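Below is one structure, written out as structure tokens; the observations come after it.
Protein chains: 2
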Amino acid sequence: MEIRLWLFSVFLFMGTAISWVESKYLVYNTSQGIVPDKLNVHLVAHTHDDVGWLKTVDQYYVGSNNSIQGACVRNVLDSLIPALLADKNRKFIYVEMAFFQRWWRDQSEAMQQIVKQLVSSGQLEFINGGMCMHDEAVTHYIDMIDQTTLGHQFIKKEFGVTPRIGWQIDPFGHSAVQAYLLGTEVGFDSLFFGRIDYQDRAKRKNEKSLEVVWQGSDSLGSSAQIFAGAFPENYEPPPGGFYFEVNDPSPIVQDDMNLFDYNVPDRVNDFVAAAISQANITRTNHIMWTMGTDFKYQYAETWFREMDKLIHYVNMDGRVNALYSTPSIYTDAKHATNESWPAKTDDFFPYADRANAYWTGYFTSRPALKRYVRMMSGYYLAARQLEFLSGRSNTGPNTDSLADALAIAQHHDAVAGTEKQHVANDYAKRLSIGYSEAEKLVASSLACLAESTSHNGCQSPAKKFQQCPLLNISYCPASEINQSHGKNLVVVVYNSLGWKRDDVIQIPVINDEVIVHDSEGREIESQLLPLADVYVALRNSYVQAYLGKRPMDTPKYWLAFTVSVPPFGFSTYTISGSKSAANTRVSDLRRLRTWLNSHSVFTLDIMELEMIKIHSIRLSLSKFTSHIICLFPLKNAGAYIFRPNGTFIIKPEKQIPLIVMRGPIVEEVHQQINQWIYQITRLYKGKEHVEVEFIVGPVPIDDGIGKEVATQITTTMATNKTFYTDSNGRDFIKRIRDYRTDWNLEVNQPAAGNYYPINLGIYTKDDKKEFSVLVDRPLGASSLVDGQVELMLHRRLLLDDSRGVAEALNETVCVLDQCKGLIIQGKYYFRIDPLGEGAKWRRSFGQEIYSPLLLAFAEEDGDNWSNSHVTTFSATGSSFSLPDNVALITLQELDDGKVLLRLAHLYQIGEDKDLSVMTSVELKKLFHGKKIHKVAEMSLSANQQRTEMEKKRLVWKAEGLERREAVARGGPVDPAELVVELSPMEIRTFVIDFDHTFHHVFDV
Amino acid sequence: MEIRLWLFSVFLFMGTAISWVESKYLVYNTSQGIVPDKLNVHLVAHTHDDVGWLKTVDQYYVGSNNSIQGACVRNVLDSLIPALLADKNRKFIYVEMAFFQRWWRDQSEAMQQIVKQLVSSGQLEFINGGMCMHDEAVTHYIDMIDQTTLGHQFIKKEFGVTPRIGWQIDPFGHSAVQAYLLGTEVGFDSLFFGRIDYQDRAKRKNEKSLEVVWQGSDSLGSSAQIFAGAFPENYEPPPGGFYFEVNDPSPIVQDDMNLFDYNVPDRVNDFVAAAISQANITRTNHIMWTMGTDFKYQYAETWFREMDKLIHYVNMDGRVNALYSTPSIYTDAKHATNESWPAKTDDFFPYADRANAYWTGYFTSRPALKRYVRMMSGYYLAARQLEFLSGRSNTGPNTDSLADALAIAQHHDAVAGTEKQHVANDYAKRLSIGYSEAEKLVASSLACLAESTSHNGCQSPAKKFQQCPLLNISYCPASEINQSHGKNLVVVVYNSLGWKRDDVIQIPVINDEVIVHDSEGREIESQLLPLADVYVALRNSYVQAYLGKRPMDTPKYWLAFTVSVPPFGFSTYTISGSKSAANTRVSDLRRLRTWLNSHSVFTLDIMELEMIKIHSIRLSLSKFTSHIICLFPLKNAGAYIFRPNGTFIIKPEKQIPLIVMRGPIVEEVHQQINQWIYQITRLYKGKEHVEVEFIVGPVPIDDGIGKEVATQITTTMATNKTFYTDSNGRDFIKRIRDYRTDWNLEVNQPAAGNYYPINLGIYTKDDKKEFSVLVDRPLGASSLVDGQVELMLHRRLLLDDSRGVAEALNETVCVLDQCKGLIIQGKYYFRIDPLGEGAKWRRSFGQEIYSPLLLAFAEEDGDNWSNSHVTTFSATGSSFSLPDNVALITLQELDDGKVLLRLAHLYQIGEDKDLSVMTSVELKKLFHGKKIHKVAEMSLSANQQRTEMEKKRLVWKAEGLERREAVARGGPVDPAELVVELSPMEIRTFVIDFDHTFHHVFDV
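Sequence order for the protein chains is A and B.
Note that the UniProt record's numbering has the first sequence beginning at 1, numbered continuously upward.
Note that the UniProt record's numbering has the second sequence beginning at 1, numbered continuously upward.
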């Protein structure tokens, strides 16, 4: 400690010394604070460091691959510290913890002490503070929370501080969930951003309403308001030449009379003019200048040197007041004015930066990466549960690497699909590495839980489970064993949801005579579906592309059977060879050359079936149609921008026969629509929705034209231009075609301007019914015609849209140097419910999509698995399940052994007559068998006590928004009762201290 | 002192601390020195900072005008210091004092102490150390000495050190004078450079002869040898990706295992490969890598960070040895090997960087700037004499500003003419400001010397003299007074040469009845020459262009008369109005429509006159012709490159009559050759040479083709491909057409490849005669045909030659926004002498061209000037003059009151049978009336005692060059006798301490 202090004082001295030595004759006065009766220009020195875009995150950090983009974040941070030490008035904000962490871990303790002092003095402030500046359109709220938490925890741990400000300056539109959940609920006092629709911006500048009070949640109302500011143009310095990066062409302040070109008066005039121009569109006498942009401050001194001079001379001039500031200081200054602000509800989607330039293409760009991220997200949630259940190892396999990869993937050029191809590959590689690590943990944890012999701790279980991440392309070596030689396949099915779940699973098998037994040893019904040619082709080429080798054998069937799994637990199924597989039916297969009567296909329990017509399967009532369409983009469409020039309905090229597979578990209709579109419509026993699997690609480009592929599902419902899309998979927001709440929309792109991002789904309704479509990944969706829902499934483009990525979005997959356009495989699901009853399916099935059953496989050599293993398990005990309107979205053992818990109410206010109500969860039951020592309710990112956060929260006056005195929220958790109340849409975050005398749950 | 030491230790600690904190896990070992049995790769960290080129010197310093070129020298120096402090093994060299001085004067004493310590420890080394890296083709040796001295004195004063190494890495060819005079005589142990002919380079790489012992002087022989190294390619890092500027695309060394793209083995292999490749063309086991290039190290840490890693990992690898080094360390290492080196004599001109790309255009580019620099150079020499004579004022008007401007103008993109137009303007502006200051000093000093009443010091003389810097365009308000109203014009004529001088001067007057009296009051002969129309036009437009106003009246005549001035002194002439001006003749004027018989024009004392024919004035013997030619450049000709595509002899467009002016003093033949070429051939009474004045321009470009204008003077002499051109106005070097001493020249540009720069002149000879041409400024010259001499006078080009300046050399002059091509006015002089006798004229008249008589004017209202003034003066007293073979090239009072003296022997060995001999100067006589206290002989740049310099000098072994044991040099100066001996071409530099009890010379 003494050494530290000593070092400290030396470095502080160094700061002073350098400050003093700055110039022999010129000492700049940069100490100015706010001056109440002047226009205050808050200079916010910042760098915007994309966590991957044109280069990978590591390339950006170390400064390699500079031929693509000159950018080195290490330079920024290395050069920043002496620049801050040189003058204690200089301030800087840093945003992206993915970069900061990389830098931090390379610093000595002495340097770390210096930086801590800079943070503590406020010279260096962490803003936003997630690992990245996540996207807001195509990110799932759980991912947003996780990545923000990761960053905030790091900041808390190393610096003991909590970021106060949201700083989403670059994402391409802004979500309600960002405002209220990742803003207010995180404890932010304000949220700043750069990109809003150009028409919206123009009106707001005119009305001085760029800065608002944003109430992003209907359910949480005023309790989740936040002060939000859109910048006048972007997140760069104002017009007038104030860029001061090394080699920037802005005129520096030349104040040396000994040299030529002295220009202080000119530059002061430039400054004042720019300030007054901004003041004219801003309320109060405070304006913020974002002094920086992408990857700037590589030699930080160049900026501070000029800002020093500007502050000095502008304040000498006296017309306006210039000061080093931060968004926090600016926010406090705004708040102190006691001004009222315009109100803002809903969100800022879609974003257009000029006429005809809607950034709605990226809602679908890189659909495979988007799906991969979503898969990993659900897997990460499940893996953390298992990590908690078996005990976290800081050294052994754990979820840290996956957490990191997922966090980075939320960046607004990552999952957004707007990065260069090699960078997309990097995200995928990181996810893959993270997955591999987590997969080991999952395998080991499940084995521990299953091996009843190893009750006391479980370091190395005897059995390792195999998993099949490539199951989607029907590749699962673990299940493709030959059961005819006495080997049994054991499938452990883990359910990470808090409810018991009955689902159909499908796995590839090579035998045609198999029998399935459940956890109790009962033979259960199953069905074999011949593996369609399209799967074989996908499997062969993509396994080779991914693994570098062609798979040996090809399984003959998908084996489908229904599993039943308790909450937070697993069930075990055994598949064995048997000639007398009474309960296993090979599907009835028919090739239909004529139109199929729909009833013969879809008969099971589907309600309203008569209304449904799948694609060219025309139903008699003809109320429902589905088309896949191709959109031909204009020249300036690209990874970001959707700008269709023409629409073409894709009809089957010729009368390719439909294939119908029927059986007791699932019925499928296969249709090869053309050479590059294959569609399977699927109905499951006991399920009331339709599942559509699409295999699209390679999108042909031999005509030299890129294409966007969308599916249109048409009903006869009178939906009155209205539809609903989710915000980051959480709140549904009402959308009206060709309409914006905040301004009179001038429609110049009837398709692109009505697209919205969906993560969970989209629905429409008329006076009787709701029609809901849910998706397995984020994509762009709309309802361009009443009664119709449109989803964009794939994009392959040949031109760049001039928004920086400088690469056409033309994804290919290569096998032995032969590259073909990427094939997208995915699913969407739809269902029709009576009006007012659709939420239940959307919410609960939505959870199932996000958290699919996790399958782990083991081989058994004729032994009796159930004798040596636990075959069914629930962490909460068999009698407990979460209420239907609550999901556990985080259960994670932290570094320090404490446990992070998040419970989320799944319903908005008014969404469901039964479920949109206050509900509660008894922690004692949830943590069945464990003793809770202490529960602390935290901010959403768990970096401060909730009560402290509430205490500090700034309250803003909003014009036209009544401040509801009592928004319903769950009350404090009684330490004895330990019951967590949740009001609609409420998410509550806890850190729980368990009594360490108790063992892990599987001991009990 | 205590404070300093304390600061010091703090900063040293800081250095250590930062070094230690550099990285938590990685501490790089950068301490490696030379390893005898390995290939040593000397990493020389450097930046090459042009003192003006695409931007002005101040713009480069402060980093403005970055849209032209991203470059800010302040960044380099600001960021360098912490980078050096961070690791005591890091080293850097700095070269251009013009920039360093700008930075230095802004630093606090604390920072200055730090830097002094870095210099003292060798981490920061000054190399070359002049104000700029001067050009070597078109610079006069006196300017080279002056600008080097200015830098070296600064370094000596501030740091107490003397640069050891010449570092002319960028100039476009290398001169003998640079090697022996600005190299050896300055005390350099080696000289490095980048640009030599591509054919030469190829041969030298092949023969490992890039590094040589260069004996640049025939006269001084081995006593002035220097070790000289041409770089393998340029002055940048070797091929293989070793550029580490912010944003440079070279791959950084990625050694963090936690990040992707670890590449240490690859980068080490790259390094070793590049090292071995260079070792293969280099003698000894030492190679130098020039780690930097133009304006690099703007954030110095980026380079050092990577070099740290390279040194660390390459030395771990062990195949080669990498170390931080400097050219000094490298030179010592080379010397320590005791290797013998190839010998090199003469020089490295002309320079071609590839086939057909001879950098010989710049020898003439911007001829007006070149002339301005040369005029100022002579004026500066005279002004310093007067400053010395009247006493230097550190505050009042002095020569400092002119010294600075002249120094900067020697930069290899300044006087070279290869800068952008706005930068050329900047040099001119600086010269003009410097001139104005010096002009005041000169006026005041002459007045002091002339006012006999003010013997004791002279702060503010009663009379201020006017001077006429625009006399060349016949604009001289001071002389254009109406003498008919009783006002007399007093002309004080100062002679800065050490010999008595009889010269004709010409001044514009408005009266046609004037009479001239000399210092003794005797009426002397004079002649009035009507002002030709061409002068009136030049005067009207250029005065307006320069001064912003059109001159009011137009003088009617040039008044010519012969003046006689003592050495280092003046004479006074009075011009009054008189109707009875018996001795003043208005020239006899004839318009000749027929060919003129030469004898009628040229009759006076000119020898060999029958051989001369001026232009279209054909002599009967027709032995001599002169043409002006136009060269049409190829596309890739430009400011640097001369590449003629065709030659066109310019004949008079029609029979414009010749005008012949005859009189007792001067006879002139005027010829308007075409609309844009005017030529005056002039003979002076008592002079045996012909003076040709040319007025060329605007060069027409309405055909869209740029043009180069040359004059060809043809004799019938059999010159056998041989001619002689001077090196920086000093040594003449023998040139043979289509031949190089060092390699078999592959001729691809018969004109451009045979051009050489001249500063003094060019001559040819046959077995009887010498034909010499002297010039008033540097230009390109050759003898492309036996008997012929060619001078390029002007260039106007419309395309850029892709060597960086990115601007066509198309000089214009604007009046009221009307811009026209620049008109060049200049003079050359020629004469024919018997073989072996030409040197006398070349040397002595060369001095007169360099140091024209300085004219100062005053008005006198009928008073008798001579009663109140000294009318004739010589600093040395009337009886003394310097020997014919000696010139005083510096006489300057230094800051500390001591006096800097340089005496130069003007003749090469063997150049003249009488004058190429040891000679001597008696200082006591030279400093007539002053008492010399102490004389210290110094190195050429006066930054160390000559004896010390000789003691330290490294002696090199040269292959094939005998080391002459005793090169004749003047012996030590006996403190009592104070006689300075000078051997041929010797320049000796002294610092003289006068006895302060004596007054200045004019007291005596």
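Using N, Cα and C, we set each Cβ at its ideal position, and we do this for glycine too.
All values derive from a computational prediction rather than experimental measurement.
Asked, Found
"Residues within the stretch 307 to 318 of chain A neighbouring chain B, beta-carbon criterion of under 9 Å", "none"
"Within-9 Å CB hit, B:Asn-247 to chain A", "yes"
"One or two residues paired with A:Asp-786 in a DSSP bridge", "Per DSSP, none; premise fails for A:Asp-786."
"Beta-carbon gap between B:Thr-647 and B:Tyr-828 smaller than 9 Å", "no"
"Contacts that A:Ser-67 makes with chain B (C-beta to C-beta distance below 7 Å)", "Pro-249"
"DSSP-derived helix/strand/coil call for A:His-455", "For A:His-455, the predicted model reports a pLDDT of 49, less than 50, meaning its position is unreliable and no value from the coordinates is stated."
"At least 3 beta-carbon pairs within less than 8 Å: the stretch 857 to 865 of chain A vs the stretch 474 to 481 of chain A", "yes"
"Inter-stretch contact at 8 Å, needing at least 3 Cβ pairs: the stretch 240 to 260 of chain B / the stretch 200 to 213 of chain B", "no"
"Against chain B: residues of the stretch 273 to 304 of chain A by CB proximity under 8 Å", "Gln-298, Tyr-299, Glu-301, Thr-302"
"Same chain, Cβ closer than 6 Å to residue 1009 of chain A, neighbours up to 5 away in sequence not counted", "Residue 1009 of chain A falls outside the range modelled here, since chain A spans only 1 to 1004, and no answer is possible."
"Cβ shell of B:Tyr-195 (< 6 Å), same chain only, five flanking positions each side left out", "Here residue 195 of chain B is Arg; the residue named in the question, Tyr, does not match the sequence. Cβ within range, chain order: Phe-172, Tyr-351."
"Closer than 9 Å at the beta carbon, the chain A residues around B:Gly-838", "Within chain A, no residue comes near B:Gly-838; the closest Cβ sits about 45 Å away, beyond 9 Å."
"N-terminal and C-terminal residue of the beta strand (DSSP E) that A:Gln-123 is part of", "Looking at the DSSP string, A:Gln-123 is not in any beta strand (DSSP E), and its letter there is neither H nor E."
"Residue-chain proximity (A:Tyr-61, chain B), Cβ-Cβ < 9 Å", "yes"
"A:Ser-783 to A:Ala-582 span [Cα, whole Å]", "47 Å"
"Beta carbon of A:His-46 nearer than 9 Å to that of A:Gly-292", "yes"
"Under 9 Å by beta carbon: chain A residues contacting B:Phe-363", "Per Cβ cutoff of 9 Å: no residues; B:Phe-363 is ~29 Å from chain A at best."
"Beta-carbon spacing of residue 1054 of chain A, A:Leu-181 below 9 Å", "No statement about residue 1054 of chain A is possible, as the shown extent of chain A runs from 1 to 1004 and does not include it."
"Within 9 Å, strictly: CB atoms of B:Ser-219 and B:Gln-847", "no"
"Three-state class that DSSP yields for B:Lys-370 in the structure shown", "helix"
"Own chain residues within Cβ distance below 6 Å of B:Thr-554, not counting five before or after", "Val-536"
"Three-state class that DSSP yields for B:Lys-334 in the structure shown", "helix"
"Segments assigned beta strand (DSSP E), at least 3 residues, entirely inside the stretch 313 to 366 of chain A", "321 to 325, 340 to 344"
"The stretch 362 to 372 of chain A in contact with the stretch 299 to 313 of chain A per 3-pair CB rule at 8 Å", "no"
"Chain B contacts made by the stretch 67 to 95 of chain A, where a contact means CB separation under 9 Å", "Ser-67, Ile-68, Gln-69, Gly-70, Ala-71, Cys-72, Arg-74, Asn-75, Asp-78, Ser-79, Pro-82"
"CB contact flag (B:Tyr-362, B:Gly-417, <9 Å)", "yes"
"Contact belief for A:Asn-398 with A:Leu-441 at Cβ below 8 Å, rounded distance in angstroms", "6 Å"
"N-terminal and C-terminal residue of the beta strand (DSSP E) that B:Val-935 is part of", "932 to 938"
"Whole-Å CB distance - A:Ile-733 paired with A:Asp-135, under 8 Å assumed", "Contact doesn't hold; Cβ gap of about 17 Å is too wide."
"Neighbour list for B:Gln-506 in chain A, Cβ cutoff strictly below 7 Å", "Residues of chain A passing the Cβ test: none, with the nearest at roughly 36 Å."
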